[in-house]
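Participant:
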Amino acid sequence: MTSNDSEQDGWYTASCGNCIFTLPTRYQNLVHIGYGTYGAVGRATDTLTGKSVAIKKLLQPFQTHIHAKRTYRELKLLIHLNHPDSQVIQLYNVFTPEKNVNEFKTLYLVFNDAGYDLNRMIKKLPPTESYVKHMIYSILRGLKFIHSAGIIHRDLKPSNIGIDKNSNATILDFGLARVESTALPTAYISSRWWRAPEVFLNEQKYDKKVDIWSVGCIMAELILHKPLFPGNDIIEQLTKIIDILGTPDEATLNEICSTEAASFILKMEPKQRKDFHELFGYKYGSKTPVPISGVSPKGIDLLERLLSFDPRQRPTVEEALAHPFLENLHDPMQEPTIDPMIDEHQDLDYTKEQWISIVWQTVQEFSPPLWINDDSDDDS
1 MTSNDSEQDG WYTASCGNCI FTLPTRYQNL VHIGYGTYGA VGRATDTLTG KSVAIKKLLQ
61 PFQTHIHAKR TYRELKLLIH LNHPDSQVIQ LYNVFTPEKN VNEFKTLYLV FNDAGYDLNR
121 MIKKLPPTES YVKHMIYSIL RGLKFIHSAG IIHRDLKPSN IGIDKNSNAT ILDFGLARVE
181 STALPTAYIS SRWWRAPEVF LNEQKYDKKV DIWSVGCIMA ELILHKPLFP GNDIIEQLTK
241 IIDILGTPDE ATLNEICSTE AASFILKMEP KQRKDFHELF GYKYGSKTPV PISGVSPKGI
301 DLLERLLSFD PRQRPTVEEA LAHPFLENLH DPMQEPTIDP MIDEHQDLDY TKEQWISIVW
361 QTVQEFSPPL WINDDSDDDS
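Numbering-wise, UniProt numbering puts 169 at position 169 of the sequence shown, and it's gapless, one number per residue.
1) Could you work out which residue in 101, 167, 273 and 230 is closest to residue 137 when comparing CA atoms only?
2) Mind checking whether residue 163 and residue 143 have CB atoms under 8 Å apart?
3) Touch check for the segment 196-211 and the segment 278-285: three-plus C-beta pairs under 8 Å?
4) Quick check: what's the CA-CA separation for residue 297 versus residue 304?
5) The beta strand (DSSP E) with residue 21 in it runs from where to where?
6) Using the rule of at least 16 other Cβ atoms within 10 Å of the residue's Cβ for burial, across every protein chain shown, is residue 360 buried or exposed?
7) Would you kindly report the start and end of the unbroken beta strand (DSSP E) that includes residue 291?
8) Residue 174 and residue 86: beta carbons closer than 8 Å?
9) Determine the DSSP secondary structure at residue 134, reduced to helix, strand or coil.
10) Between 22, 71 and 10, which lies nearest to residue 62 when the distance is taken from Cα to Cα?
11) What are the start and end residues of the alpha helix (DSSP H) that includes residue 381?
12) Taking the Cβ atom as the reference point for each residue, do residue 28 and residue 49 lie within a distance shorter than 8 Å?
13) Spatial neighbours of residue 320 within its chain, please: C-beta separation below 6 Å, excluding the five flanking residues on both sides.
14) Could you give the C-beta distance for residue 21 and residue 42, rounded to a whole number, given that I count them as a contact under 8 Å?
15) Could you compute how far the alpha carbon of residue 346 sits from the alpha carbon of residue 73?
16) Taking buried to mean at least 16 other C-beta atoms within 10 Å of its own C-beta, is residue 113 buried or exposed?
17) Tell me the rounded alpha-carbon separation between residue 337 and residue 208.
18) Quickly, what does DSSP pair residue 31 with across the bridge? List them, please.
19) Within the same chain, show all residues whose beta-carbon is closer than 6 Å to that of residue 81, passing over the 5 residues directly before and after it, in chain order.
20) Based on DSSP bridge pairs, tell me the residues matched to residue 13.
21) What residue range does the alpha helix (DSSP H) around residue 254 cover?
22) How many Å lie between residue 130 and residue 225 at the Cα?
23) Among 135, 206, 122 and 357, which has the Cα closest to the Cα of residue 151?
24) By DSSP's criteria, residue 88 is part of a beta bridge. Which residues make up the other side?
25) Beta carbon of residue 325, beta carbon of residue 252: below 8 Å?
26) Which class does residue 93 belong to by DSSP, given the choice of helix, strand or coil?
27) Under the three-state reduction of DSSP, which class applies to residue 179: helix, strand or coil?
28) What would DSSP say about residue 301, mapped onto helix, strand or coil?
29) Can you have a look at residue 92 and say buried or exposed, based on whether 16 or more other CB atoms are within 10 angstroms of its CB?
30) Where does residue 183 land, buried or exposed, given buried means 16+ other C-beta within 10 angstroms?
31) Tell me the rounded alpha-carbon separation between residue 238 and residue 231.
32) Taking 8 Å as the CB-CB limit, is residue 106 close to chain E?
33) In whole angstroms, what separates the C-alpha of residue 156 from that of residue 96?
34) With a 10 Å radius around its C-beta and 16 neighbouring C-beta atoms as the bar for buried, classify residue 259 as buried or exposed.
35) So what's residue 110 in DSSP terms, helix, strand or just coil?
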């Protein structure tokens, strides 16, 4: 919607972190909650529905034609993935205070309030097997929906996972997401600690399995209460991965790495694989026979599969959900999917002005989903 939207009776400005937000008066009580990829995020009350919402202001959405294309891509992905029960962030509204395309320079996205992000909460959460199982199932359920659309998230990490009051996960922030296609993937800068090794070993050769690796990193972090591979740079990141997973064989390296990367790894000191049972298995307190942390052999088996150095050995999201570790939660009939996303513009090169015009038209055509007015409990 734009500033002349009929349901608004005015606009106002408010501070949100280091940004100034210009909002319709229906959104009140704005509080800064963080920064997403390419955007600042605040929490507010939608006075028309009574719901708590998250509002993201895209930063420099049209600075260059690359920024403008990225803005279009994020908006189209969010619209396509809009669903009331998918463990994926829900797009409630889209607006700009500008009155016409020639003035169009700012864009706001309004989402359901997904609660607190996992990064803030992870050290406060119980490292018990039941909680790890519940969280990983929730994340995989959302990822199944995303992957069914042919979309790679590319930036799964604790700060991009919301947790509501019932400890259900919501996958956030599609600023780096893209449609998987036959075209070579573009290089991207995701958060290094959760980044699959093939991305920095051969950035032109990766697929949906990069998201599976990230889920494995999150699962390990839920168990350990600390990141598994906290490298300060790419070399240290690779070293930490190999320290735990061991040195891959030459055939694997030649298949998934660039020639230079494979040669570099083969010159490193060979490492043996660490015992995942020692790292992630049950840990007991001194006065109880019940494990206080860690997971069972079934959980360790799933984690080992998720964290396979070779992406070809990682499970698909459907295979991960069907793993015995999740058998008491997995129900394919209760895990929504969606048709693949087909977008005529996604692989085309337009000028900045053309992208701005396309985004403007998309904003004008957006209709808030009917289910946002449901009287269900607000999970914030």
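Where a beta carbon is used, it is the ideal one built from N, C-alpha and C, also for glycine.
Facilitator: The structure says:
1) As a first step, residue 137 is located in the sequence shown; it is residue number 137 there, counting from the start. If we check each option's Cα against that of residue 137, 167 comes out closest.
2) To locate residue 163, count along the sequence shown from 1; it is residue 163. To locate residue 143, count along the sequence shown from 1; it is residue 143. Going by C-beta atoms, residue 163 is not nearer than 8 Å to residue 143.
3) The segment 196-211 vs the segment 278-285: no contact.
4) Within the sequence shown, the letter at position 297 stands for residue 297. Within the sequence shown, the letter at position 304 stands for residue 304. Approximately 10 Å between the Cα atoms of the pair.
5) As a working mapping, residue 21 is identified with position 21 in the sequence shown. Secondary structure note for residue 21: its beta strand (DSSP E) is the uninterrupted segment 19-24.
6) Residue mapping note: residue 360 aligns to position 360 of the sequence shown, counting from 1. Buried.
7) Along the sequence shown, read from residue 1 onward, the residue named residue 291 stands at position 291. Note, residue 291: beta strand (DSSP E), 291-293.
8) Along the sequence shown, read from residue 1 onward, the residue named residue 174 stands at position 174. Along the sequence shown, read from residue 1 onward, the residue named residue 86 stands at position 86. Here residue 174 is not near residue 86, since their CB atoms are 8 Å or more apart.
9) Against the sequence shown, residue 134 aligns to sequence position 134. Correct three-state label for residue 134: helix.
10) For the purposes of this step, residue 62 is taken as residue 62 along the sequence shown, with counting starting at 1. Per the C-alpha coordinates, the member of 22, 71 and 10 positioned closest to residue 62 is 71.
11) Any answer about residue 381 is impossible in this case: the structure gives the chain only from 1 up to 380.
12) Position 28 of the sequence shown holds residue 28. Position 49 of the sequence shown holds residue 49. 8 Å or more divides the Cβ of residue 28 from the Cβ of residue 49.
13) The count along the sequence shown starts at 1 and reaches residue 320 at position 320. Excluding sequence neighbours, residue 320 sits near 140.
14) As a first step, residue 21 is located in the sequence shown; it is residue number 21 there, counting from the start. As a first step, residue 42 is located in the sequence shown; it is residue number 42 there, counting from the start. Separation of the CB atoms of residue 21 and residue 42 is rounded to 6 Å, and the pair is thereby assigned contact status at 8 Å.
15) Reading the sequence shown from its first residue, position 346 is the one you call residue 346. Reading the sequence shown from its first residue, position 73 is the one you call residue 73. When only Cα atoms are considered, residue 346 and residue 73 end up about 7 Å apart.
16) Residue mapping note: residue 113 aligns to position 113 of the sequence shown, counting from 1. Classification for residue 113: buried.
17) Residue mapping note: residue 337 aligns to position 337 of the sequence shown, counting from 1. Residue mapping note: residue 208 aligns to position 208 of the sequence shown, counting from 1. One C-alpha to the other measures close to 16 Å.
18) For the purposes of this step, residue 31 is taken as residue 31 along the sequence shown, with counting starting at 1. 43.
19) In the sequence shown, the residue the question calls residue 81 occupies position 81. The residues are 88.
20) As a first step, residue 13 must be located in the sequence shown, where it is residue number 13. Beta-bridge pairing links residue 13 to 22.
21) Residue numbering aside, residue 254 sits at position 254 when the sequence shown is read from its first letter. Here the alpha helix (DSSP H) through residue 254 covers 250-256.
22) Position 130 of the sequence shown, counted from the start, is the residue given in the question as residue 130. Position 225 of the sequence shown, counted from the start, is the residue given in the question as residue 225. Rounded to the nearest whole angstrom, the C-alpha separation of residue 130 and residue 225 is 15 Å.
23) Indexing the sequence shown from 1 puts residue 151 at position 151. Answer by Cα proximity: 206.
24) Residue numbering aside, residue 88 sits at position 88 when the sequence shown is read from its first letter. Its beta-bridge partners are 171.
25) Taking the sequence shown and counting its residues from 1, the one referred to as residue 325 is at position 325. Taking the sequence shown and counting its residues from 1, the one referred to as residue 252 is at position 252. No, the Cβ-Cβ distance between residue 325 and residue 252 is not below 8 Å.
26) Working through the sequence shown from its first residue, we reach residue 93 at position 93. Residue 93 falls in the strand class under three-state DSSP.
27) Working through the sequence shown from its first residue, we reach residue 179 at position 179. If DSSP states are grouped into helix, strand and coil, residue 179 belongs with the strands.
28) For the purposes of this step, residue 301 is taken as residue 301 along the sequence shown, with counting starting at 1. Looking at residue 301 - three-state DSSP - the assignment turns out to be helix.
29) Indexing the sequence shown from 1 puts residue 92 at position 92. So residue 92 ends up on the buried side.
30) If you number the sequence shown from 1, residue 183 lands on position 183. For residue 183, the predicted structure reports a pLDDT of 49, less than 50, and the residue's modelled location is therefore unreliable. The matter cannot be settled from this model.
31) As a first step, residue 238 must be located in the sequence shown, where it is residue number 238. As a first step, residue 231 must be located in the sequence shown, where it is residue number 231. If I take the Cα positions, the gap works out to 8 Å.
32) No chain E is present in this structure, which holds just one protein chain.
33) As a working note, residue 156 is residue 156 in the sequence shown. As a working note, residue 96 is residue 96 in the sequence shown. Approximately 28 Å, taken between the alpha carbons.
34) In the sequence shown, residue 259 corresponds to position 259, counting from 1. Exposed, since its Cβ has fewer than 16 Cβ neighbours within 10 Å.
35) Taking the sequence shown and counting its residues from 1, one reaches residue 110 at position 110. Of the three classes helix, strand and coil, the one that applies to residue 110 here is strand, per DSSP.
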